[in-house]
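A short worksheet on the structure shown next.
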Ligand SMILES: Nc1ncnc2c1ncn2[C@@H]1O[C@H](COP(=O)(O)OP(=O)(O)O)[C@@H](O)[C@H]1O
Ligand SMILES: [Mg+2]
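Chains as they are written, first to last, in the numbering used here: chain A, 1 to 307; chain B, 1001 to 1327.
In structure tokens:
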């Protein structure tokens, strides 16, 4: 197991490097620069600024400096837009917010989705099942950018129960709607996957054996059927995670939560290269680490997997 | 009172194309300590008869009639009561050892759970007992093997584990559904010896589902012959082997290599078993029968019990024989 993890980390490192290089190349090849504006700056001024940010060096030198900065100091460099802020400052401000509502969204999507799927499978073809399937089909056509305005209309404008946006240090009133908006469609997908894989497992020969042993349904579901039925759900967690990260852009726009999604959009509009790069790399790093976790979880559950 | 009494048991499956009667009004008894074989081509309802008794039918299946264990009705018995019997008083070993064990759980856990559940043993006691059972089914290295996962075991080893689990609570009845078909021939023979020895040691009644008449001859006291969901003949193994009365039993015997007289030509029954959705009129066997009468096309013969302890469901009362079977 330990060697399996090491090997996966060894693969993750070049993946990260490639990610950095590709995003660097893409940004350099995009037309315009952070200091292009309507009124061109005097040549001398522009040269001074570029020298300050190291943009006068050859591209490969810039790239090497950048990578060395990240690896040795965890330093993503200065922002090109905010004179007094570094990329690290920007991330440190927005990331905890995103992490908070992202974490809760993930927990809600997985726990509600898995429970709903199991319940539907246990009561297969009863009204409970139809109800659960109905909910998850309904919820699946409600991605975050549809859910967000619906929630605001209902809970803020009609009922006046919850504030329509803001963060306020992450008080619960401000977390609820972002979490529901972000998690609903993933919750629905997880419920659907869980239900069908649980049904398949419950029809398998080894479950018939478990019944023939006289085991209670509780033990059959939770001891015999849950692990195998969870595997397809676990495979889905990687894509769900990525979807939630990118979904944070939408959430930050609708709810003014001030997470990293907002910084991402702003930096793209402002051509704030170093912030775009920093956030891209952060998202890439999170995705790779998360997928590693998922693989470990999968290997831990399925004894047939050899490391 | 017999140990296990089947009375007018029927099993119906609801499918997209209508209702399928997989078991049709079957009645028979199993006595304490005896070994009864159920034979018949695949699809004749052997497995469903037994699954119905244990409440293990697929979701679209429904059992009607009665199955009584020690006087107690099993059909529609409350699940919590049924669970006290399943795996404890009546155990079942399934056809496919490769898929019948849970691939995600260690053998030890899969063995221990029945003992802790039904016998109230502690985990440590149960593990000791489980190892003893693995020894009893002649599984080498039981102490190591018990800590493995199913995929680390061969088919024969897994079937031994299944048998060990089934016998671990010393059930009164063991149902073995084609326990050897998935195994190679040498393992088959070992398995049968195992069944013979263990049922004798534990005084267990054995219901053996098989389509291998060689197996029946070697192990069973009595046999039931099933065709298209019905019992067509039943009686002692010797009686049926030497003087089959139903043309289907006769046909089965003649399509199996004969131990006493290997010179006999093999003579498979012509045609195929009928589809349950589209059963022939009258006796379901008549399209394949060499002895059919006018009557067989219109009327289904009932199973008639005779004074010699046998039963037969056929209108033809003459001698069953075929010309030119000697090579
Ligand atoms: N879930 C099901 N739905 C519909 N038909 C079924 C189902 N399970 C079994 N059957 C039918 O029941 C018949 C008898 O099956 P079975 O008892 O398993 O035969 P066998 O004698 O080979 O053990 C088969 O023809 C099969 O098509
Ligand atoms: Mg069968």
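Even glycine gets a Cβ: it sits at the ideal position worked out from N, Cα and C.
Run down chain B in chain order and give the residues with a C-beta less than 7 Å from the C-beta of residue i.
i	result
residue 4 (chain A)	Those within 7 Å of residue 4 (chain A) in chain B number zero; the least Cβ separation is about 17 Å.
residue 120 (chain A)	What residue 120 (chain A) touches in chain B: nothing, since even the nearest Cβ is about 14 Å away.
residue 232 (chain A)	What residue 232 (chain A) touches in chain B: nothing, since even the nearest Cβ is about 14 Å away.
residue 28 (chain A)	Neighbours of residue 28 (chain A) on chain B: none; closest Cβ ~50 Å, over 7 Å.
residue 227 (chain A)	1104
Along chain A, in chain order, which residues have C-beta atoms closer than 8 Å to that of residue i?
i	result
residue 1083 (chain B)	214, 215 and 216
residue 1056 (chain B)	208, 211 and 212
residue 1191 (chain B)	None at all; the shortest Cβ gap to chain A is about 17 Å.
residue 1215 (chain B)	Ordered by position in chain A, no residue passes the 8 Å Cβ test against residue 1215 (chain B), which lies about 22 Å from the chain.
residue 1133 (chain B)	By Cβ distance, chain A contributes nothing, its closest Cβ being about 14 Å from residue 1133 (chain B), past 8 Å.
residue 1113 (chain B)	213, 215, 219 and 223
What does residue i reach in chain B if we use C-beta pairs closer than 8 Å?
i	result
residue 204 (chain A)	1099
Within 10 Å of its beta-carbon, does residue i have 16 or more other beta-carbons around it, so buried, or fewer, so exposed?
i	result
residue 1153 (chain B)	buried
residue 1326 (chain B)	Its pLDDT being 49, under 50, residue 1326 (chain B) is placed unreliably by the model, and nothing is read from it.
residue 1118 (chain B)	buried
residue 1256 (chain B)	buried
residue 1306 (chain B)	exposed
residue 1294 (chain B)	exposed
residue 1 (chain A)	exposed
residue 1266 (chain B)	exposed
residue 1318 (chain B)	exposed
residue 1237 (chain B)	buried
residue 1057 (chain B)	buried
residue 61 (chain A)	exposed
residue 252 (chain A)	buried
residue 300 (chain A)	exposed
residue 208 (chain A)	buried
residue 1215 (chain B)	buried
residue 1100 (chain B)	buried
residue 1004 (chain B)	buried
Quick check: residue i and residue j, are their CB atoms within less than 7 Å of each other?
i	j	result
residue 1071 (chain B)	residue 1009 (chain B)	no
residue 238 (chain A)	residue 294 (chain A)	yes
residue 1191 (chain B)	residue 1155 (chain B)	no
residue 274 (chain A)	residue 23 (chain A)	no
residue 1203 (chain B)	residue 1310 (chain B)	no
residue 243 (chain A)	residue 94 (chain A)	no
residue 1124 (chain B)	residue 1134 (chain B)	no
residue 1085 (chain B)	residue 1205 (chain B)	no
residue 1067 (chain B)	residue 1077 (chain B)	no
residue 117 (chain A)	residue 191 (chain A)	yes
residue 114 (chain A)	residue 16 (chain A)	no
Spell out whether any CB of chain D is found under 7 Å from the CB atom of residue i.
i	result
residue 1061 (chain B)	Of the protein chains in the structure, A and B, none is chain D.
So residue i contacts chain B; which residues on that side make the cut at Cβ distance below 9 Å?
i	result
residue 302 (chain A)	1103 and 1104
At a CB-CB cut-off below 9 Å, which residues of chain A make contact with residue i?
i	result
residue 1230 (chain B)	Here the premise fails: no neighbours, minimum Cβ distance about 25 Å.
residue 1088 (chain B)	213 and 214
residue 1117 (chain B)	213, 214, 215, 216 and 219
residue 1177 (chain B)	None at all; the shortest Cβ gap to chain A is about 10 Å.
residue 1016 (chain B)	The contacting residues do not exist; residue 1016 (chain B) stays about 14 Å from chain A at best.
I want to verify the contact list: residues of chain A whose CB lies under 7 Å from the CB of residue i, in sequence order.
i	result
residue 1125 (chain B)	Within chain A, no residue comes near residue 1125 (chain B); the closest Cβ sits about 18 Å away, beyond 7 Å.
residue 1031 (chain B)	Residues of chain A passing the Cβ test: none, with the nearest at roughly 22 Å.
residue 1246 (chain B)	Neighbours of residue 1246 (chain B) on chain A: none; closest Cβ ~31 Å, over 7 Å.
residue 1149 (chain B)	303
residue 1121 (chain B)	Those do not exist, as residue 1121 (chain B) stays about 14 Å from chain A at its closest Cβ, beyond 7 Å.
residue 978 (chain B)	No answer is possible for residue 978 (chain B): it lies beyond the span of chain B, which begins at 1001 and ends at 1327.
* Asked: Of all residues in the structure, which have a C-beta closer than 6 Å to any heavy atom of ligand 1, taken in chain order?
  -> Result: B:1013, B:1015, B:1020, B:1022, B:1040, B:1042, B:1043, B:1044, B:1045, B:1046, B:1047, B:1048, B:1058, B:1060, B:1061 and B:1276.
* Count the CB pairs spanning the stretch 213-220 of chain A and the stretch 100-110 of chain A that are closer than 8 Å, and state whether there are at least three. => Contact fails between the stretch 213-220 of chain A and the stretch 100-110 of chain A, because fewer than three Cβ pairs, one in each stretch, are under 8 Å apart.
* Asked: Do the stretch 1162-1176 of chain B and the stretch 1106-1123 of chain B make contact, defined as three or more Cβ pairs closer than 8 Å?
  -> With the cut-off at 8 Å, the stretch 1162-1176 of chain B and the stretch 1106-1123 of chain B touch.
* **Segment contact flag, the stretch 78-95 of chain A with the stretch 260-273 of chain A, C-beta cutoff 8 Å, min 3 pairs** => Result yes; three or more Cβ-Cβ pairs closer than 8 Å.
* Asked: At a cut of 8 Å, does the stretch 1217-1235 of chain B reach the stretch 1284-1299 of chain B through at least three beta carbon pairs?
  -> Because the criterion of three Cβ pairs below 8 Å is met, the stretch 1217-1235 of chain B and the stretch 1284-1299 of chain B touch.
* Do the stretch 221-236 of chain A and the stretch 187-206 of chain A meet, that is, are 3 or more Cβ pairs less than 8 Å apart? -> Touching, yes, given that three or more Cβ pairs across the two stretches are closer than 8 Å.
* Asked: Do the stretch 1010-1022 of chain B and the stretch 1183-1198 of chain B meet, that is, are 3 or more Cβ pairs less than 8 Å apart?
  -> Counting Cβ pairs under 8 Å, fewer than three are found: no touch.
* To do: Decide yes or no for the touch test of the stretch 116-125 of chain A against the stretch 168-178 of chain A: beta carbon pairs closer than 8 Å, at least 3 of them.
  => With contact defined as three or more Cβ pairs closer than 8 Å, the stretch 116-125 of chain A and the stretch 168-178 of chain A are not in contact.
* Can at least three beta-carbon pairs, one atom from the stretch 1206-1223 of chain B and one from the stretch 1044-1060 of chain B, be found at a separation below 8 Å? -> The answer is yes - the stretch 1044-1060 of chain B touches the stretch 1206-1223 of chain B, with three or more Cβ pairs under 8 Å.
* At least three beta-carbon pairs within less than 8 Å, the stretch 140-150 of chain A to the stretch 182-190 of chain A -> Counting C-beta pairs with one atom in each stretch, the stretch 140-150 of chain A and the stretch 182-190 of chain A have three or more that are closer than 8 Å, which means they touch.
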